[in-house]
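Engineer: Respectively, the protein sequence lines represent chains A, B and C. Residue numbers are given in this note's numbering: position 498 of the first sequence equals residue 801, and the series is strictly consecutive. Residue numbers are given in this note's numbering: position 55 of the second sequence equals residue 440, and the series is strictly consecutive. Residue numbers are given in this note's numbering: position 89 of the third sequence equals residue 97, and the series is strictly consecutive. Backbone N, C-alpha and C define an ideal beta-carbon position, used for all residues, glycine too. All of these numbers come straight from a predicted model, not from anything done at the bench. Take a look at this one; I'll ask things after.
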Amino acid sequence: MNTWNISVKAKLFATLAMTGIVMILVGAIGLGGTKSSNTDLDGIFSNRFMPTGWVGTIETHERAVLEKAEEVVIRQDAAAVKAALDLLQERQVEVKELLKKLEATDLTDKEREIVEQFRGHGADVLGLVQEAMLAAQSGNFSAAESALIEKARPAYEKLNNAGDTLLRTQIEVAQQMRTEADASFKKNSTFIIAAIVVGIGLSGLLGWLIIRSIVSTLNTAVSIADRIASGELGNDVRVDSNDELGRLLEALKRMDGKLVEIVGGVRGSADAVGAAARQLSHGNDDLSQRTQEQAAALEETASSMEQMTATVKQNADNARQANQLAVGAREQAEKGGAVVQRAIAAVGEINNSSRKIADIIGVIDEIAFQTNLLALNAAVEAARAGEQGRGFAVVATEVRNLAQRSASAAKEIKGLINDSVDKVKVGSELVDESGKTLSEIMESVKKVTDIVAEIAAASEEQSAGIEQVNNAVSQMDNVTQQNAALVEEASAASKSMEQQSGTLVTQIGYFRRSDGTGITGSGSHAPAEVVRAAAPVARPRPAAVRKAGLGAANKPKAVASSGSPAPLARASGDDSQWSDF
Amino acid sequence: MAIDLAQFHDAFFEESFEALDSMEAALLQLNPGAPEPELIGTIFRVAHSIKGGSATFGFSEVASFTHTCETLLDELRANRMQVTRHVTDLLLKSVDVMRDMLRAQQRKEAIDAQKVADLQFDLELAIAQKNQPAPAAPAPAPVVVAAAAPAEAAKPGFAHRWRISFRPYPQLFVHGNDPLRMIRELSELGELSVKLDGNALPSLEQLEPESCYLAWDLTLDTDAAREVVNGVFDWAEGDCELKIEEEAAPVAAQPAVAAPVAAAAPTPEAKPSNVVNIADAKPTAAEPAHQPAAAAAVEVAPKAGATDGGSIRVSTEKIDELMNTVGELVITQSMLTQLGSKFTGHVAEQLRSGLATLERNVRELQESVMRVRMLPISFVFSRFPRMVRDLSGRLGKHVELKMTGDQTELDKTVMEKIGDPLVHLVRNSVDHGIEMPDVRAAAGKPQTGTVFLNAYHKGGSITVEVGDDGGGLNKDRILKKARERNLIGPNETLTDDQIYELIFMAGFSTAEQTTDISGRGVGMDVVRRNIKELGGTIEVKSTLGKGSRFIITLPLTLAIVDGQSVAVGTETYIVPLITIIESLQLKQGMVNRVAGQGEVFWFRDGYVPVVRLHEVFGLEPRTTQLHEGLIMVVEGEGRKVGLFVDDLLGQQQVVIKSLETNFRRVDGVSGATILGDGAVALILDVPGLIRVATQRLAA
Amino acid sequence: MTNQVAAQIDAAAAGSNQMLTFTLGDETYGVDILRVQEIRGWQPVTRIPQAPSHVLGVLNLRGSIVPIVDLRMRFNLQHAEYTPLTVIIVLSVQSPIGRRDFGVVVDGVSDVIDVAASDVKPAPEFGAHVSTEFIEGLAAVSGRMVMLLDIDQLIGADVTGVALNPAA
């Protein structure tokens, strides 16, 4: 274990890394073999297979040119000479192109030599054909023919032979390359298998070492934990490694020490609590006494509040009645106003009629005036007529008299009508005034109604306020009652606390030193359940008190004083009611 | 109670003036040496009736003077005295004196007694020195009578048409025969047309006063038998060649033609050179001469044909009354039309069509009445023969006056006002236009110059042309003068029309010498102003060396004007359309204030002052903000102003009524009219208004 | 027509005169009835620029334009409102150039009365505040004093412009 003084994590990593390195080694070797075989295959394709095709094509082109020339010569077709020359030009370019490609491939020295020959023959053929065609162009077909047959044909045969030689050489080279590739594959596979075997062996060894170191340390830790559980503290823990397991043992050692300290502290505290609980119990008895007195005072307050509420309610009822009366008065006043309005309208109509009559009288007056003017004009004419107009003048005077009478009658009627118009005006003014007064009354009544309504509303509000005060008082009463109950409970609780602090001391006594000595403990032994139940004890009480009402204020005290187990059972059932408070 | 003769004074004066006019015309027609007895008779009758009237009404001076005239005329009539140029002149002067005396009586002014006495002395002297009795029968002009003779029986459908060829032998007169009498007798038988054959007339030197040189071709439409016609010529048997033939079917009654009347006068060549040839003016001259009573009468028939006789004398006052009544009728009718448009239903349709008919009838009635006021312009033209004669005599020029279109009718009021401008123009033509005979001869023109007077209707207006064949306007001289007087700048170039325009400027005269006839530098501007006041225009056409022509265009009547109604406050005014250039609304900021000139705004090519009508007339306008009302650019006497009014109401033809009839002249107001609702609206006098506004501004 | 009127005026002048009386405030005035052309009710007038203040304007009287004079203003009396009952009397004056019509605005027309020539007394001097130049005479008719107006004097040059000025 000492030799492996490194962390468990590092150990696991080292093992895994070893396995990985072996795998990478094997993979790299396999990949290298595959790559080399691919390169060989590419060489075979581009340097051996493609050129064979090109050689064939060049031969085909050359032959096509030759045959075309021969066709020309045989047919002695001067017209075709041009076509033949064109074909020659075109094919010559292509042949050059292909030769260039061919030379660009990876050629062995031997191959290169053959390619040179091939090129020379190709050029010979085309040059001769061209020569022949030029001759043919100048009409010398026989010369051309002889040139073709005697020179070009043999040149072409040579070209053909050179091509075949080139092809054969190519195939040989390819076969050689294939054999080389085979040998390299066998060498690679042997190497890879060896690497795999070595790797597996190394990994197994490392694994066994690691497992052994971890398990021994864990066993030590389990035995220490078992001893603490059984209350045996102050164990001697030996830590001899720095890794995670070492740290675990270290922690167990520290826990043991700390627990010794805590148990000592708790023993001290439990003693102090016991003393305090006794004091508390005494104070609670005093408090209980005073709370009873407060409850009595509150009861008195509540009863006087109830009396006040009754008074305010009566007040509000009276206000409501007054409001109803005011509304009634207002309606009456409104009715009166409407009647006055009608009276005003009627008077207005009378007024209008009077005015119309006055207008008509005006028209009559106007007619009388016009008649008078006419009669005057007639009198003027009559005067102008001299003696003959005398009679006419008399008539005119009569007419004037009539006109004046009708004018004065009209004036009289006008006076009367004006008088009546005036009177109606006065009447209408009076009616207007009474209407105004009525509406003023209406206005006042409205104001009264509003005020009364306000009073009623205020009484209601007051009543509601008193109700609230009442509620508050009874709530206060309740609270006081509850306080009383609480005080009882607190007193009971403090007593039980006293008891339980003793129990606590007993329980702490469970812990002892591994050397068999106790930890400053007293030997009191109370059951653990009692301590746990002590907390809820104080709570359930008030619910009972509340139900009992004011009159039963003393009762809870009796109940509470009766002590422990009985109330405990009730407490849990009343828990929900408590939360309501 | 004695009859108050005063009430007849007006009638007497009116008749006398008209009679004097006709006397004057007759005198002008009178040929010295060959006086027509009929003319002398006419002149004598005028003098006689004036004498009688004056005596009756107690105008003793007039009566006394006229008596002297009458005595002289009696001598002439009885051929105890020869008609000489001196005598004619004396008589013409007498006419003037009588006219003056009568006018003085009418206006109750003092008579220029000295002048009367002088002339009366001359007349008496003439009577005392009476010449040898005149040859028994002067070259007769009886046809005149024949033509003018009443042809009461002028009806178509006579039983016979006689063609009479009456060729007296020269000794006809010696045997006491009077062709005139015969022709008159014939004319009593039916409708007679007379054609004179004066071919046998010798030259004046060779003329035998006692011989008859004339022959007649007569056409008579009559019911009378051949015997009756023959009987007329009984006494002349052996003294004439007479052929009476019947024409198969008298087609239609030919009106007696007065055309050859004055041809009886000696041929123009035989006249003294400075006698005005009035040959072309014969209807003018002839009519007043032979129908003195009807001379000033309202011509109901447009032309005095042989069938004349349907005219009556009506005072203009009555016609004005009629006009007023018709105007009232028009207003009433338009009120009815307004009322009628408020009715609905099918009866209303009938009502409306009835109203439309009424409207048409009323308009026709108005036009008819308006036409009644129309008189032939010959009333103005008639004074010119005398004037030209006098002037040319005084200036030593040979001038012939040619008048055409003197039957063209125009409103009496226009006529009254066009006289003076025409006189001025004619005087100018004679004085400045026509050159001296030697100058004319040198210029290759006939020695006798011609002055034209021409009147004709053109559209709704009348055009009067005054022209001459004299020297024409001298543009260089006008320009020189204008430059001398700084009327134009020294280097300003003007078009011909603009140059001629200069002569209408105040104080401009090119006459080299001031004569008492013209050339004092007042004149053309006044002429133009008068014509403008009438609502007319004048333009000049001139060719140097060939003569000039003044063309005056006038409205037919002054009684009606095309106006634009405008509102200012509660009042409505009429602005004559002819003065309005444009109506526009000014925007804020378009008005500038110029010290001493008030408000101006830019209009077309210059600043135009704003004249606030409400300020000039002291009214309460609807608005005083220029941009809230309207500006009406008006022109008067060549000045433009922008008249500020509240609103434009509408355009209408209004009947002009004078404010002066019952009130007086008001500056800026040319008259009033009555609107469709019977209210009175004032018609603005734009030039006057501009003057008033300018004075206000200056004050 | 003009002559006729003149003749009648002359004829009437000989004996008793008929007078049209009208009121202005508390006073009663009379005019020769033969000078009266027409009596008509008040109607708005068309104003005349630059006219004297008592010339209210012009009116259409059966087709002729007639100036209207407010007699109250002419006599410097207190101005009265024009109502439909206000009366216009159309009078005519003779001028050398013929008859001229004009209207006067009065408070009311009273009557047509006969005044004997002998009843007419010359107008006494009233003192400075009332000008007597327009008063032809005074007549007492049934207990009332009527001032007879000389309208030719009254409506002088200020209205007709030429009334006192012989026509040119």
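Could you check where the beta strand (DSSP E) with Asn-786(A) kicks off and where it finishes?
Structural biologist: No beta strand (DSSP E) holds Asn-786(A); the alpha helix (DSSP H) holding it covers 693-811.
Engineer: Which word fits Ala-455(A), buried or exposed, when buried means at least 16 other C-beta atoms lie within 10 angstroms of its C-beta?
Structural biologist: Buried, by the Cβ-count rule.
Engineer: Rounded to a whole number of angstroms, what is the C-alpha to C-alpha distance between Glu-1045(B) and Ser-150(C)?
Structural biologist: About 41 Å.
Engineer: Could you check whether Pro-1006(B) and Asp-1031(B) sit closer than 8 Å to each other, using their CB atoms as the reference points?
Structural biologist: Closer than 8 Å, so yes.
Engineer: What residue range does the alpha helix (DSSP H) around Pro-1072(B) cover?
Structural biologist: Where Pro-1072(B) is concerned, the enclosing alpha helix (DSSP H) stretches over 1071-1083.
Engineer: Indicate whether at least one CB of chain C lies closer than 8 Å to the CB of Val-683(A).
Structural biologist: Chain C, which has a Cβ nearer than 8 Å to the Cβ of Val-683(A), makes this yes.
Engineer: Helix or strand or just coil, what does DSSP make of Arg-862(B)?
Structural biologist: Reduced to three states, the DSSP call for Arg-862(B) is helix.
Engineer: Strictly below 7 Å CB to CB, what residues from chain C border Glu-690(A)?
Structural biologist: Within chain C, no residue comes near Glu-690(A); the closest Cβ sits about 10 Å away, beyond 7 Å.
Engineer: In three-state terms, what does DSSP make of Lys-404(A)?
Structural biologist: Helix.
Engineer: Arg-108(C) and Val-98(C) - do their beta-carbons sit closer together than 8 Å?
Structural biologist: Not in contact: Val-98(C) and Arg-108(C) (Cβ atoms no closer than 8 Å).
Engineer: Using a cut-off of 7 Å between C-beta atoms, extract the partners of Leu-67(C) located in chain B.
Structural biologist: By Cβ distance, chain B contributes Val-1065.
Engineer: I'd like to confirm the pairing. Which residues does DSSP put opposite Cys-625(B) in its beta bridges?
Structural biologist: Note: Cys-625(B) sits in a beta bridge opposite Pro-553(B).
Engineer: Suppose the cutoff is 6 Å on Cβ atoms and the five residues either side in sequence are ignored; what does the same chain contact list for Lys-461(A) look like?
Structural biologist: Taken in chain order, the residues that qualify are His-424.
Engineer: Using DSSP with H/G/I as helix, E/B as strand and the rest coil, what is Pro-75(C)?
Structural biologist: In this structure, Pro-75(C) counts as strand in the three-state DSSP scheme.
Engineer: May I have the straight-line CA-CA distance separating Arg-82(C) from Arg-1076(B), to the nearest angstrom?
Structural biologist: Those two C-alpha atoms are separated by around 30 Å.
Engineer: Residue range of the beta strand (DSSP E) that Pro-417(B) falls in?
Structural biologist: Note, Pro-417(B): premise wrong, no beta strand (DSSP E); not H, not E.
Engineer: Classify Asp-608(B) as buried or exposed, calling it buried when 16 or more other Cβ atoms lie within 10 Å of its own Cβ.
Structural biologist: It counts as exposed.
Engineer: Report the three-state DSSP secondary structure of Met-759(B) (helix, strand or coil).
Structural biologist: Residue state, collapsed to three classes: strand.
Engineer: Got a sec: which bits of the segment 704-737 of chain B sit with their beta carbon under 7 Å from any beta carbon on chain C, in order along the chain?
Structural biologist: So the close ones are Asn-709, Thr-710, Gly-712, Glu-713.
Engineer: Anything in the segment 29-56 of chain C with a Cβ closer than 7 Å to a Cβ of chain A? List those residues in chain order, please.
Structural biologist: Result list: Ile-41, Leu-42, Val-44, Glu-46, Ile-47, Arg-48, Gly-49.
Engineer: Excluding five sequence neighbours on each side, which residues of the same chain lie with their C-beta closer than 7 Å to the C-beta of Gln-973(B)?
Structural biologist: Only His-1012 meet the Cβ criterion.
Engineer: How should Asp-882(B) be labelled, buried or exposed, when 16 other C-beta atoms within 10 angstroms of its C-beta is the threshold for buried?
Structural biologist: The residue is exposed, with fewer than 16 neighbouring Cβ atoms inside 10 Å.
Engineer: Between Val-1019(B) and chain C, is any beta-carbon pair separated by less than 8 Å?
Structural biologist: With 8 Å as the cut-off, Val-1019(B) does not count as an interface residue toward chain C.
Engineer: Which first and last residues belong to the beta strand (DSSP E) in which Gly-466(A) is found?
Structural biologist: No beta strand (DSSP E) holds Gly-466(A); the alpha helix (DSSP H) holding it covers 456-532.
Engineer: Kindly give me the distance between the Cβ atoms of Asp-791(B) and Ser-763(B), rounded to whole angstroms, as I take these residues to be in contact under 8 Å.
Structural biologist: Yes, they are in contact, since the Cβ atoms of Asp-791(B) and Ser-763(B) sit about 4 Å apart, within 8 Å.
Engineer: So is Leu-733(A) in contact with chain C if we call contact Cβ pairs under 8 Å?
Structural biologist: So no, Leu-733(A) is outside the interface.
Engineer: Between Pro-132(C) and chain B, is the shortest Cβ-Cβ distance under 8 Å, so that the two count as touching?
Structural biologist: No, no contact with chain B.
Engineer: Under 7 Å, CB to CB, which of the residues in the segment 68-83 of chain C have a partner in chain B?
Structural biologist: Flagged, chain order: Asn-68, Arg-70, Gly-71, Ser-72, Ile-73, Val-74, Pro-75.
Engineer: Do you know whose CA, among Asp-122(C), Ile-76(C), Glu-141(C), Thr-29(C), lies nearest Ala-131(C)'s CA?
Structural biologist: Of Asp-122(C), Ile-76(C), Glu-141(C), Thr-29(C), the residue nearest in Cα terms is Glu-141(C).
Engineer: Would you say Lys-739(A) reaches chain C, if we count a Cβ-Cβ gap shorter than 8 Å as a contact?
Structural biologist: Closer than 8 Å: no.
Engineer: Under 8 Å between the Cβ atoms of Glu-547(A) and Ser-804(A)?
Structural biologist: Their beta carbons are not under 8 Å apart, which means Glu-547(A) does not touch Ser-804(A) by this criterion.
Engineer: Would Gly-932(B) and Gly-781(B) qualify as a contact pair, given that the criterion is a beta-carbon distance under 8 Å?
Structural biologist: Not a contact, by the Cβ cut-off of 8 Å.
Engineer: Please classify Ile-452(A) as buried or exposed, where buried requires at least 16 other C-beta atoms within 10 Å of its C-beta.
Structural biologist: Burial call: exposed.
Engineer: Which residues in chain B have a C-beta closer than 7 Å to the C-beta of Gln-58(C)? List them in chain order.
Structural biologist: The contacting residues are Val-1051, Asp-1052.
Engineer: Going straight from the alpha carbon of Arg-914(B) to that of Ser-439(B), what length do you get?
Structural biologist: Cα to Cα, Arg-914(B) sits roughly 39 Å from Ser-439(B).
Engineer: Tell me where the beta strand (DSSP E) around His-452(B) begins and ends.
Structural biologist: That residue, His-452(B), is in no beta strand (DSSP E); its alpha helix (DSSP H) goes 445-462.
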